[in-house]
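**Student:** Supplied in structure tokens, the structure appears directly below.
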Amino acid sequence: MDWRYIALCCWLASLTSNALADTQYNGTAAFEQRYFLQDPLYPQQPRDSASVFFAPELYTSFNDGQDSVLFRGFYRFDQRDSERSHGDVRELIWSHVGENWEIKAGIGKVFWGQTESLHLVDIINQTDSIEAIDGEDKLGQPMVALSFFKDWGNFTLFALPYFRERTFTGEDGRLRGPIPVSGEDALFESKDKNSNRDWAARWQKSIGDWELGLSYFDGTSRDPDFVTTVNEQGEVKVSPYYAQIRQVGLDVLTIIDAWIIKFEAIQRTSLAQDYWAMVGGFEYTSVGILDTVYDIGWLMEYQYDDRQELATSVAQNDLMVGARWVLNDVDGSEMLVGVVQDLDYSAVRSAFIEASSRINDHWKWRLDAWFFSSDETQEPSYLLRRDDYVQFSLEYYF
Amino acid sequence: MHKQAKRNRAKKGVLLALSFLVATCNIGLVHAQSAEEKGLAIAKERKQRDIGWSDSEADTSMILRSPSSGETERKMRVKSLEVKTDGDKGLTIFDQPLDVKGTAFLNFSHAIEPDDQWMYLPKLKRVKRIQSKNKSGPFMGSEFAFEDMSSFEIEKFSFKYLRDEPCNNLQCFVVEQVPTDENSGYSKTIVWLDKDEYRPFKVEFYDRKGSLLKVLTMHDYQLFLDKYWRPMRLSMVNKQNGKSTDLITHSLQFNTGLTDNDFDKDSLMRAR
Chain A
60 MDWRYIALCC
70 WLASLTSNAL
80 ADTQYNGTAA
90 FEQRYFLQDP
100 LYPQQPRDSA
110 SVFFAPELYT
120 SFNDGQDSVL
130 FRGFYRFDQR
140 DSERSHGDVR
150 ELIWSHVGEN
160 WEIKAGIGKV
170 FWGQTESLHL
180 VDIINQTDSI
190 EAIDGEDKLG
200 QPMVALSFFK
210 DWGNFTLFAL
220 PYFRERTFTG
230 EDGRLRGPIP
240 VSGEDALFES
250 KDKNSNRDWA
260 ARWQKSIGDW
270 ELGLSYFDGT
280 SRDPDFVTTV
290 NEQGEVKVSP
300 YYAQIRQVGL
310 DVLTIIDAWI
320 IKFEAIQRTS
330 LAQDYWAMVG
340 GFEYTSVGIL
350 DTVYDIGWLM
360 EYQYDDRQEL
370 ATSVAQNDLM
380 VGARWVLNDV
390 DGSEMLVGVV
400 QDLDYSAVRS
410 AFIEASSRIN
420 DHWKWRLDAW
430 FFSSDETQEP
440 SYLLRRDDYV
450 QFSLEYYF
Chain B
74 MHKQAKRNRA
84 KKGVLLALSF
94 LVATCNIGLV
104 HAQSAEEKGL
114 AIAKERKQRD
124 IGWSDSEADT
134 SMILRSPSSG
144 ETERKMRVKS
154 LEVKTDGDKG
164 LTIFDQPLDV
174 KGTAFLNFSH
184 AIEPDDQWMY
194 LPKLKRVKRI
204 QSKNKSGPFM
214 GSEFAFEDMS
224 SFEIEKFSFK
234 YLRDEPCNNL
244 QCFVVEQVPT
254 DENSGYSKTI
264 VWLDKDEYRP
274 FKVEFYDRKG
284 SLLKVLTMHD
294 YQLFLDKYWR
304 PMRLSMVNKQ
314 NGKSTDLITH
324 SLQFNTGLTD
334 NDFDKDSLMR
344 AR
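Sequence lines, in order, name chains A and B. The opening position of the first sequence corresponds to residue 60 in the working numbering, with each subsequent residue numbered one higher. The opening position of the second sequence corresponds to residue 74 in the working numbering, with each subsequent residue numbered one higher.
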């Protein structure tokens, strides 16, 4: 963390304290218990682990609602893995809204894209990968973003002055390879390391039943490559390597009758390689099935990566099939089950279950489970073959 | 929301007479008004009285009651913008239950085409386009379906005047409305409107098989801008499962200065 990062935090914090006129304080706290179904592959790893997290949120607006500051913090304590005990400023961002434009400065979070099984186009925020295997948790990204809302679409320019490194499982955690990744020994292509000035632009527009998005990114890749080194004592070390890339992204959604068609594609250029990748599919929802108020949504998405065997991504030629069951009850109960099948290797697949329901206004339970099957030593998923787990969470909202 | 307009009697009389005259001339015959024509005329007058409200902001609660699990409260704020040439725009921001606080729902309703709908999920910072054809599904686990929350548009129904009947100590028209959209969850609805102000006081909803499913009643009508009647409480009772939902408006303001910019997809992310 360098001084600019700290200065930014101080500036925003002072801005917030000056204007506590209309302040909202909210947040989430949760207890989570994970249980792994098989014995671990590596000796330090546990069979179970408990953890708690706290995520407060402060929001204030002033200047007749034209200006606002949002803070979202996060801290997790993990019983087993000291790497997973970590904190982050998810957001600390000032925003000023004009008639047809908006400027934001601070630490922010941005989401781009349309598909469900994979988020190819979404690139601004680094993945907080130690949080969850689905990659949906993100680290706060320092940024200045200028948006224009026009008839021809919404256009945003991003200046990203500081790069966030990915989080990795420690020695005492599951869901990792034989050698834990040494996040602190990260290597960079840029001589400015994590102070390389990245930038990005995005255009998005709704046209009737279509949602179209085009994006461009130039800077430090959020997806690391891994470099293995052996020191004089014969100790093997795996370090993340962050290359400089340029990426063009396209995301499309359209509604055709009861079908929602979703598609994302990227073209990425770096010194080492050029490649493209895509994910596309549909969601079809049957409402009021069997004379009940239940809905079932069917999802299917195909994932392709041009790098084939080289792909560090598991999504090189895979098919995701899933079903989302929504009970439409007072407690907002729902369940999503899915399987991601590798089309190159029939024995390589993963499956997941996500279920949740409210207990009352403040409490909610959640169940997440992942199952991995892989006998293909070349596939990244081979590393997780013994890491099937079930996690139960009890969440408190305030 | 159900929209009623108060208007000067003479003007109304002239308008009604004119519309009858036009209808009569069009078919080139002088005959008694059919039940369908009368139903449509009533609906048009109801819509006509509601033109010009511009925009509004409401603070609301939904009270969900179930014989098995008791009472649950939802809180939300609703911003609405009148669109004269099409259906209206609506932005709903959820405040309670707390796990969905900050979730926002944007709806561009259309007369004939399916509505355009987006949902904003604050934790993911994701704006998701959603399928609006599923209009028969429950809104937030309540007894209100998505289609019950949509704006009243003439093109959404075919109408038939049934009879006059007293209701709420007033004289009412009873009109049958058959949804034109095959994705509607209803085979028909029957609406009771008072003859003076064309305010709906009761609606019966019939399921696809033709059985009575729900009864909606409107209470505590208040007059806004000297012209627009709004019920401060809507009570929906499901006759098949015994559950009910009250939709209560705690406060309602008109002419709050909302514009199209407040109903943009990106405005969802700023909704608080």
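The C-beta atom is built at its ideal place from N, Cα and C for all residues, glycine as well.
Nearest-angstrom Cα distance between Gln-375(A) and Asp-365(A)?
**Tutor:** Taking the straight line joining both Cα atoms gives about 7 angstroms.
**Student:** State buried or exposed for Leu-349(A), treating a residue as buried only when at least 16 other CB atoms are found within 10 Å of its CB.
**Tutor:** Exposed, because fewer than 16 other Cβ atoms sit within 10 Å of the Cβ of Leu-349(A).
**Student:** Could you compute how far the alpha carbon of Ile-325(A) sits from the alpha carbon of Leu-271(A)?
**Tutor:** About 14 angstroms.
**Student:** What residues from chain B crowd round His-421(A), counting only those whose CB sits closer than 8 angstroms?
**Tutor:** What His-421(A) touches in chain B: Leu-171.
**Student:** With distances taken between CB atoms, is the gap from Trp-160(A) to Ser-127(A) smaller than 8 angstroms?
**Tutor:** No, these two residues do not count as a Cβ contact at 8 angstroms.
**Student:** Return the chain-ordered list of same chain residues with a C-beta closer than 7 angstroms to the C-beta of Val-95(B), the five sequence neighbours on each side being excluded.
**Tutor:** Residue placement at Val-95(B) is poorly supported in this model, since its pLDDT is 49, which falls under 50; the coordinates still yield a value, given next. Within the same chain, Val-95(B) has no close Cβ partners at all.
**Student:** If you draw a straight line from the alpha carbon of Ser-224(B) to that of Thr-158(B), how long is it in whole angstroms?
**Tutor:** Distance between the alpha carbons of Ser-224(B) and Thr-158(B): 13 angstroms.
**Student:** Along the chain, where does the alpha helix (DSSP H) containing Met-343(B) start, and where does it finish?
**Tutor:** Note on identity: in this sequence residue 343(B) is Arg, with Met being the wrong assignment. Its alpha helix (DSSP H) spans residues 338-343.
**Student:** Find the nearest neighbour of Lys-423(A) within the set Asp-403(A), Val-398(A), Phe-451(A) and Arg-281(A), judged by alpha-carbon distance.
**Tutor:** Ranking Asp-403(A), Val-398(A), Phe-451(A) and Arg-281(A) by Cα distance to Lys-423(A) puts Phe-451(A) first.
**Student:** Since Pro-140(B) contacts Asn-387(A) with CB under 8 angstroms, what's their CB separation in whole angstroms?
**Tutor:** 17 angstroms between Cβ atoms; not a contact.
**Student:** Can you check which of these residues, Gly-199(A), Ser-416(A), Arg-305(A) and Trp-171(A), is closest to Phe-276(A) by C-alpha distance?
**Tutor:** The candidate whose alpha carbon is nearest that of Phe-276(A) is Arg-305(A).
**Student:** Classify Ile-115(B): buried if its beta carbon has 16 or more other beta carbons within 10 angstroms, exposed otherwise.
**Tutor:** Classification for Ile-115(B): buried.
**Student:** Of the choices Gln-200(A), Leu-117(A), Pro-220(A) and Glu-158(A), whose alpha-carbon is the least far from that of Phe-130(A)?
**Tutor:** Of Gln-200(A), Leu-117(A), Pro-220(A) and Glu-158(A), the residue nearest in Cα terms is Leu-117(A).
**Student:** Please state whether DSSP places Gly-165(A) in a helix, a strand or coil.
**Tutor:** Of the three classes helix, strand and coil, the one that applies to Gly-165(A) here is strand, per DSSP.
**Student:** Pick from Asp-231(A), Thr-288(A), Pro-299(A) and Ser-254(A): whose alpha carbon is nearest that of Gly-242(A)?
**Tutor:** Checking every option, the nearest Cα to that of Gly-242(A) belongs to Pro-299(A).
**Student:** So what's Gln-263(A) in DSSP terms, helix, strand or just coil?
**Tutor:** In the structure shown, Gln-263(A) sits in a strand (DSSP, three-state: E or B).
**Student:** Mind checking who Arg-93(A) pairs with in its DSSP beta bridge?
**Tutor:** Beta-bridge pairing links Arg-93(A) to Ser-108(A) and Gln-450(A).
**Student:** From which residue to which residue does the beta strand (DSSP E) around Lys-300(B) run?
**Tutor:** Unbroken run through Lys-300(B): none, as it is neither H nor E.
**Student:** Fully enclosed by the stretch 271-321 of chain A, which beta strand (DSSP E) runs are 3 residues long or longer?
**Tutor:** As far as the stretch 271-321 of chain A is concerned, its whole beta strand (DSSP E) runs of at least 3 residues are 284-289, 295-301 and 303-315.
**Student:** Tell me which same chain residues have a C-beta within less than 6 angstroms of the C-beta of Arg-444(A), skipping the five on either side of it?
**Tutor:** For Arg-444(A), where only same-chain residues beyond five positions count, the Cβ hits under 6 angstroms are Phe-431 and Ser-433.
**Student:** Using C-beta distances below 8 angstroms, list every residue in its chain close to Cys-240(B), excluding the 5 sequence neighbours before and after it, in chain order.
**Tutor:** If we look at Cys-240(B) and ignore the five residues flanking it on each side, its Cβ neighbours are Trp-265, Asp-267, Phe-274 and Lys-275.
**Student:** Does the contact criterion of 3 or more C-beta pairs under 8 angstroms hold for the stretch 181-196 of chain A versus the stretch 337-354 of chain A?
**Tutor:** No: fewer than three Cβ pairs fall under 8 angstroms.
**Student:** Is there a C-beta anywhere in chain A that falls below 8 angstroms from the one on Thr-176(B)?
**Tutor:** By this cut-off, Thr-176(B) is not an interface position.
**Student:** Does the CB of Asn-334(B) have a neighbour CB from chain A at under 8 angstroms?
**Tutor:** Taking Cβ atoms only, chain A reaches closer than 8 angstroms to Asn-334(B), which makes this a yes.
**Student:** I'd like the list of long-range same chain contacts for Ser-280(A), defined as Cβ closer than 6 angstroms, with 5 residues on each side in sequence excluded.
**Tutor:** Closer than 6 angstroms at Cβ, skipping near neighbours: Tyr-301, Ala-302 and Ile-304.
**Student:** Taking 8 angstroms as the CB-CB limit, is Thr-329(B) close to chain A?
**Tutor:** Chain A contact via Cβ: absent.
**Student:** Could you check if Leu-102(B) is buried or exposed, using at least 16 other CB atoms within 10 Å of its CB as the buried criterion?
**Tutor:** In this prediction, Leu-102(B) scores a pLDDT of 48, lower than 50, which makes its location untrustworthy; the coordinate-derived value is nonetheless stated afterwards. Leu-102(B) should be labelled exposed.
**Student:** Taking the continuous beta strand (DSSP E) assigned at Asp-204(A), which residues delimit it?
**Tutor:** Reading off the sequence, residue 204(A) comes out as Ala, not Asp. It spans 200-209 - the beta strand (DSSP E) in which Ala-204(A) sits, taken as one unbroken run.
**Student:** Find the nearest neighbour of Leu-96(A) within the set Ala-109(A), Tyr-448(A), Val-286(A) and Gly-194(A), judged by alpha-carbon distance.
**Tutor:** It is Tyr-448(A) whose Cα lies nearest to the Cα of Leu-96(A).
**Student:** Which residues in the same chain have their Cβ closer than 7 angstroms to the Cβ of Glu-190(A), if we skip the five residues on either side of it in sequence?
**Tutor:** Only Asp-196 meet the Cβ criterion.
**Student:** Check whether the Cβ atoms of Ile-355(A) and Ala-382(A) sit closer than 8 angstroms, and answer yes or no.
**Tutor:** The answer is yes: Cβ separation under 8 angstroms.
**Student:** Name the chain B residues whose beta carbon is nearer than 9 angstroms to that of Tyr-101(A)?
**Tutor:** None at all; the shortest Cβ gap to chain B is about 33 angstroms.
**Student:** Go ahead and label Asn-207(B) buried or exposed: buried means 16 or more other beta carbons lie within 10 angstroms of its beta carbon, across all protein chains shown.
**Tutor:** By the neighbour-count rule (16 or more Cβ atoms within 10 Å), Asn-207(B) is buried.
**Student:** Does DSSP put Asp-132(B) in a helix, a strand or coil?
**Tutor:** Three-state DSSP puts Asp-132(B) in a strand.
**Student:** In the DSSP assignment, what residue or residues form a beta bridge with Trp-153(A)?
**Tutor:** Its beta-bridge partners are Val-128(A) and Ala-164(A).
**Student:** Could you check the C-alpha separation between Gln-190(B) and His-183(B) for me, to the nearest Å?
**Tutor:** Distance between the alpha carbons of Gln-190(B) and His-183(B) is about 11 angstroms.
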